[in-house]
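J.: First the structure, which I've put down as structure tokens, then a few questions once you've had a look.
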Amino acid sequence: AADGQAHDEL
Amino acid sequence: MNLFRLCGDMFHLLSIMVLLLKIRATRSCRGISLKTQELYALVFVCRYLDLFYSFISVYNSFMKVTFLATAFSIVRYMRYDKVVKQTYDREQDTFRYVFLIAPCLLLALVLNHRFTLTEVLWTFSIYLEAVAILPQLVLMQRTQNIDNLTANYVALLGAYRGFYILNWIYRFATERHYRQWIVWISGVIQTALYADFFFYYALCWKANKRLQLPA
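Protein sequences appear in the order of chains A and B. For our numbering, add 443 to where a residue sits in the first sequence, where the first one is 1. For our numbering, add 12 to where a residue sits in the second sequence, where the first one is 1.
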């Protein structure tokens, strides 16, 4: 996401 | 997804498998802190609520479900399995939950990216994961004989942390918008907690001795 806060890790 | 992250995840999975295998094969959970295991289960529940409303990849969802299921399976063995629960070091595993949960919850309420229920719970899970190993480390320090599987379990968890830090450094260098300072700071603290353990783990490994932590 643009704000770098996508929770794409585990 | 980069190689560091994949290695981190695999070490995490391996650590859980080693623990489950130890419990199932030896019918014993000696040396394992139930407090740490329950805190991990809580961490996963709070963090993976997004299973219900966001989808990243099949890999992510699969791993989330696996971590949740294995965490609850370990807790179930330690609490309810007739044989296994008798091997639990109840008197030694005295760390108080509230000392870890309360500060993490407070911090998550204050330091978060967005004040929404799921975001605060996610942040809480990040803070809590950083310190959830403490009851396990305290228990190991009290235990005279740490068996190899327990030592390896903690070492694998440490390796998982190490690789995640490499993953963040890599992402920081390669992705324009990768600025997750909450994750960074918590992650570094969490990994630092293992430093002391790793020092003695390496020492004993070099000397080919059983792991013993100094009192």
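All residues carry an ideal CB built from backbone N, CA and C; glycine is no exception. Treat the numbers as computed from the prediction; the structure is a model and nothing was measured.
#1: Quick check: the region 140–158 of chain B against the region 107–123 of chain B, are at least 3 beta-carbon pairs closer than 8 angstroms?
#2: By Cβ distance, which residues of its chain are closer than 8 angstroms to Ser198 of chain B, with the 5 residues on each side in sequence left out?
#3: Residue range of the alpha helix (DSSP H) that Arg102 of chain B falls in?
#4: I'd like to know whether the C-beta of Phe175 of chain B is nearer than 8 angstroms to at least one C-beta of chain A.
#5: Can you check whether the CB of Tyr212 of chain B is closer than 8 angstroms to the CB of Ala167 of chain B?
#6: In terms of residue numbering, what span does the alpha helix (DSSP H) encompassing Arg173 of chain B cover?
#7: Could you spell out the range, first to last residue, of the alpha helix (DSSP H) harbouring Lys34 of chain B?
#8: Among the residues of its own chain, which have a CB less than 7 angstroms from the CB of Val55 of chain B, if the five just before and after it don't count?
#9: Among B:Lys97, B:Cys19, B:Ile181 and B:His24, which residue has its Cα nearest to the Cα of Leu80 of chain B?
#10: Are Cys41 of chain B and Val96 of chain B close, meaning C-beta to C-beta below 8 angstroms?
#11: Three-state secondary structure (DSSP) at Asp446 of chain A?
#12: Just to confirm the assignment, what range does the alpha helix (DSSP H) spanning Ala138 of chain B have?
#13: Go through its chain and collect everything with a Cβ distance to Ala444 of chain A's Cβ below 8 angstroms, but skip five positions before and after it.
#14: Judging by CA-CA distance, which residue of B:Ser69, B:Leu51 and B:Tyr60 is the nearest neighbour of Val110 of chain B?
#15: Would Cys58 of chain B and Leu178 of chain B be called neighbours here (beta carbons separated by less than 8 angstroms)?
#16: Return the chain-ordered list of same chain residues with a C-beta closer than 8 angstroms to the C-beta of Val195 of chain B, the five sequence neighbours on each side being excluded.
#17: Can you tell me the Cα-Cα spacing of Leu46 of chain B and Val87 of chain B, whole angstroms?
#18: Just curious, the alpha helix (DSSP H) that Arg59 of chain B is in, first and last residue?
#19: Would you say Asp451 of chain A lies against chain B (beta-carbon separation less than 8 angstroms)?
T.: Let me spell this out:
#1: Three or more Cβ pairs closer than 8 angstroms define a contact, and the region 107–123 of chain B meets that threshold against the region 140–158 of chain B.
#2: Once the five neighbours on either side are set aside, the close Cβ partners of Ser198 of chain B are Ile138, Tyr139, Glu141 and Ala142.
#3: Membership of Arg102 of chain B in any alpha helix (DSSP H) is not indicated, and neither H nor E is assigned to it by DSSP.
#4: For Phe175 of chain B, no CB of chain A lies under 8 angstroms from its own CB, so it is not counted at the interface with that chain.
#5: With a cutoff of 8 angstroms on beta-carbon distance, Ala167 of chain B and Tyr212 of chain B are scored as not near each other.
#6: Taken as a continuous stretch (DSSP letters only), the alpha helix (DSSP H) holding Arg173 of chain B covers Asn160 to Thr186.
#7: Element bounds for Lys34 of chain B: Leu15 to Thr38.
#8: These residues qualify, in order along the chain: Ser137, Leu140, Glu141 and Ala144.
#9: Of the listed residues, the one whose Cα sits closest to Leu80 of chain B is B:His24.
#10: At the C-beta level, Cys41 of chain B and Val96 of chain B come within 8 angstroms of one another.
#11: Confidence at Asp446 of chain A is low in this model, with a pLDDT of 45, below 50, so its placement is unreliable and no value can be given for it.
#12: Per the sequence shown, the amino acid found at residue 138 of chain B is Ile instead of Ala. It spans Leu129 to Val143 - the alpha helix (DSSP H) in which Ile138 of chain B sits, taken as one unbroken run.
#13: Unreliable placement is indicated for Ala444 of chain A, whose pLDDT of 37 sits below 50; the coordinate value is still reported in the next sentence. Answer for Ala444 of chain A: no residue qualifies.
#14: Of the candidates B:Ser69, B:Leu51 and B:Tyr60, the residue whose Cα lies closest to the Cα of Val110 of chain B is B:Leu51.
#15: For the 8 angstroms CB-CB criterion, Cys58 of chain B and Leu178 of chain B do not form a contact.
#16: Within the same chain, Val195 of chain B has close Cβ partners Ile138 and Trp180.
#17: Rounded to whole angstroms, the gap between the alpha carbons of Leu46 of chain B and Val87 of chain B is 7 angstroms.
#18: Element bounds for Arg59 of chain B: Leu46 to Arg59.
#19: True, the Cβ-Cβ gap to chain B drops below 8 angstroms.
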